[in-house]
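Protein sequences appear in the order of chains A and B. Be aware that the first sequence starts at 1, since it is given in the working numbering, and climbs by one per residue. Be aware that the second sequence starts at 1001, since it is given in the working numbering, and climbs by one per residue. The C-beta atom is built at its ideal place from N, Cα and C for all residues, glycine as well. Since the structure is predicted, the reported quantities are computational estimates derived from the model, not experimental observations. As structure tokens, the structure follows; a few thoughts come after it.
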Amino acid sequence: MREVAVAGVGMTKFGVSEKTNVDMFAEAGLEAIQNSSIEPGDIDALFFGNCLGDFEEGQMHMAPFAHSVIGLPMSSPATRFEGACATATVAIRHAALLVGAGVYDVVLAGGTERTTIMDTPMATRTFAMGCHAQYESPTGLTFPGVFGMAAHMYSSKYDIPLKKLKKHMAEVSVKNHFHGAKNPKAHFPKEITVEKVLSGPMIADPLQLLDCCPFSDGSAAVVIASADKIKSMTDKPVFIVGTGQASAGPLNFQQDLTIVKTRMTSIKHAYKEAGIGPKDIDLCELHDCFTIAEILAIEALGFYEFGEGYDAATKGETRLGGKGVTINPSGGLKAKGHPIGATGAAQVVEIVEQLRGEAGDRQVDGAKIGVVDTLGGDFGTICNIILRRG
Amino acid sequence: MPADFTFQQYQQELTDGRLTATVCGKCETYTTPPQAVCRNCGGTDTKITEIVKKGTIRTFTVIRVGPEGTQPPYIVALVETQDGPWVMGNLLVTDPGKIGPEIIGKEVEISSQVVKGDIYAIENLNVLTFSLV
């Protein structure tokens, strides 16, 4: 495989947008192209992520329209990827694989999502399509419900009283909002308190409103190029040095929801490819769709032992300037927002800006290696990308 | 998958009051709901059998904000059946809003009820239900 790097990045502000899915992608995509000092005509292919356009806009087959709006050449094919909330990470990983394999030299990859056009009951229903349509969704299962079950199991398995665990979970939300307040593109760039998290309405026991990430609109994109092409595009290349992806079936077959085996499988592959381990990571953008989800992730990624990650945020270890791996300096899904088809690309954008030293107030000092971790569905898809400063 | 163990047949068995699984001819593991191969060893030499409709609650949640068409609060739970496989379903209690973590580890009996389809998923489906013993 050839060496592959990110040449440029682009991202809309996350939040509530009046723009269409394709128009948001045009903004992010063109920014990524300009950031790479190239023209749309230099792009060899588009790897495009979107989950729910069919329901948001009645738009299936969005990729060629996203391709058209930014004037990509007809000979540069556009393909839609869908891996629930991990959609854009899966698109970027496959873009990197095909550039690495020599099929393409310069590609655009990313995603877009317009969830807030749906009201909460419709969004909850369509998001739940990421669960199994026969064995899970008919029970009325929701994504907060999936992680509510994981939180109850974590409390029970490790014998941590639920009240105590919930306080530590709230600290994850507080920490990510602390970071998000420094991110002008975040959906909710404001600090919150543990008391506020613990006084919110219950969504799916034991998760309260501020344990949950929001429904958001937004788009993000990156240009990926082979190492020989990148020299003329940027003097700050960020190399993709390892990737991984894993798949699993419905929750009843996964059983122990506290040990995310898909994540362990995916990250093992990525670490091996990069020739590094968890101790080499400076920062991580991971899938904190719910507070308990960040705790599960820092354990399965190898930053903490199983059953010991629950108080990392409380101790300040995962906060900017903390002694551990800085987790979600962007504010994470919780504060930055979660436009599901774009989320993974926004995670890559954050790591790239951090490794270039362009993250402003939320800069992780001396960051050299960062990892992206994105989860799709109820642990059914995990995708990881490891990036290194060039 | 054995030709006669389809999702439709699993559903019909539930309508008739039976919880079915495949049992593996190689490693004797039970698999339910239906899969094309044994969950444990990937073997295809499987036969249909009925399993005991009893189990233990391993985790749960109370859904308070549901998808359109649902009527919260209601409980979704994962149950480990006596024969080994875990299954997902709804725990039926008189006041779901007041259930807490004390139900983890409790024994349940397993049955099923029909959930009507909606505009996205038009089939009416049997969904497993649990009642505390």
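Same chain, Cβ closer than 6 Å to residue i, neighbours up to 5 away in sequence not counted
| i | result |
| --- | --- |
| B/Thr-1044 | Val-1037 |
| A/Tyr-154 | Thr-258 |
| A/Glu-350 | Glu-285 and Ser-330 |
| A/Phe-143 | Phe-127 |
| A/Pro-73 | Gly-41 |
| A/Lys-334 | Ser-173, Asn-176, Cys-213 and Asp-288 |
| A/Pro-77 | Ala-45 |
| A/Ile-369 | Asp-280, Ile-281, Asp-282 and Arg-388 |
| A/Leu-52 | Thr-126 |
| A/Pro-64 | Ala-78 |
| A/Ala-66 | Val-22, Phe-25 and Phe-48 |
Endpoints, beta strand (DSSP E) assigned at residue i
| i | result |
| --- | --- |
| A/Glu-18 | Note, A/Glu-18: premise wrong, no beta strand (DSSP E); not H, not E. |
| A/Asn-55 | Reading off the sequence shown, one finds Phe at residue 55 of chain A, where the question assumed Asn. No beta strand (DSSP E) contains A/Phe-55, which is instead part of the alpha helix (DSSP H) from 53-56. |
| A/Thr-395 | Absent from the model: residue 395 of chain A. The displayed extent of chain A is 1 to 390, so no value can be given. |
| A/Thr-318 | Per DSSP, A/Thr-318 belongs to no beta strand (DSSP E) and is neither H nor E. |
| B/Arg-1058 | 1054-1063 |
| B/Thr-1123 | Per the sequence shown, residue 1123 of chain B should be read as Glu rather than Thr. Looking at the DSSP string, B/Glu-1123 is not in any beta strand (DSSP E), and its letter there is neither H nor E. |
Whether residue i touches residue j by CB criterion (8 Å)
| i | j | result |
| --- | --- | --- |
| A/Phe-127 | A/Phe-81 | no |
| A/Ala-186 | A/Gly-344 | no |
| B/Pro-1096 | B/Pro-1073 | yes |
| B/Lys-1053 | B/Leu-1019 | yes |
| A/Gly-110 | A/Ala-270 | no |
| B/Asp-1083 | B/Ile-1051 | yes |
| A/Ala-84 | A/Gly-377 | yes |
| A/Gly-380 | A/Ala-274 | no |
| A/Gly-341 | A/Thr-112 | yes |
| B/Leu-1091 | B/Ala-1077 | yes |
| A/Ala-32 | A/Leu-108 | yes |
| A/Pro-339 | A/Asp-217 | yes |
| A/Ile-160 | A/Tyr-304 | no |
Buried or exposed (CB count within 10 angstroms, at least 16 for buried), residue i
| i | result |
| --- | --- |
| A/Ser-330 | buried |
| B/Leu-1132 | exposed |
| A/Asp-103 | Asp is not the amino acid found at residue 103 of chain A; the sequence shown has Val there. Answer is exposed; the Cβ neighbour count stays below 16. |
| A/Lys-279 | exposed |
| A/Ser-17 | buried |
| A/Asp-205 | buried |
| A/Gln-245 | buried |
| A/His-61 | exposed |
| A/Tyr-158 | exposed |
Residues of its chain near residue i, where Cβ-Cβ distance is below 7 Å and the 5 sequence neighbours each way are ignored
| i | result |
| --- | --- |
| A/Ala-26 | Val-69 and Ile-70 |
| A/Gly-100 | Met-1, Arg-2 and Val-4 |
| A/Val-364 | Asp-282, Leu-283, Leu-320, Thr-326, Pro-329 and Gln-354 |
| B/Val-1023 | Tyr-1030, Thr-1046, Lys-1047 and Thr-1049 |
Range covered by the alpha helix (DSSP H) that runs through residue i
| i | result |
| --- | --- |
| A/Leu-333 | 332-336 |
| B/Glu-1013 | 1007-1015 |
| A/Lys-368 | First-last for A/Lys-368: undefined, no H or E at that position. |
| B/Val-1115 | Taken as a continuous stretch (DSSP letters only), B/Val-1115 belongs to no alpha helix (DSSP H), being part of the beta strand (DSSP E) at 1107-1115. |
Neighbourhood of residue i by C-beta distance below 8 Å, restricted to the same chain and skipping five residues each side
| i | result |
| --- | --- |
| A/Val-238 | Ala-5, Val-6, Ile-351, Val-352, Leu-355, Arg-356, Leu-387, Arg-388, Arg-389 and Gly-390 |
Chain C contact residues for residue i, given Cβ-Cβ distances below 9 Å
| i | result |
| --- | --- |
| A/Phe-253 | The structure shown has no chain C; the protein chains it does contain are A and B. |
### Three CB pairs or more closer than 8 Å across the stretch 203-213 of chain A and the stretch 226-233 of chain A
no
### Message
Under 8 Å: do the stretch 301-318 of chain A and the stretch 161-173 of chain A share three or more Cβ pairs, one atom per stretch?
### Response
Judged by Cβ distances under 8 Å, the stretch 301-318 of chain A makes contact with the stretch 161-173 of chain A, as three or more pairs qualify.
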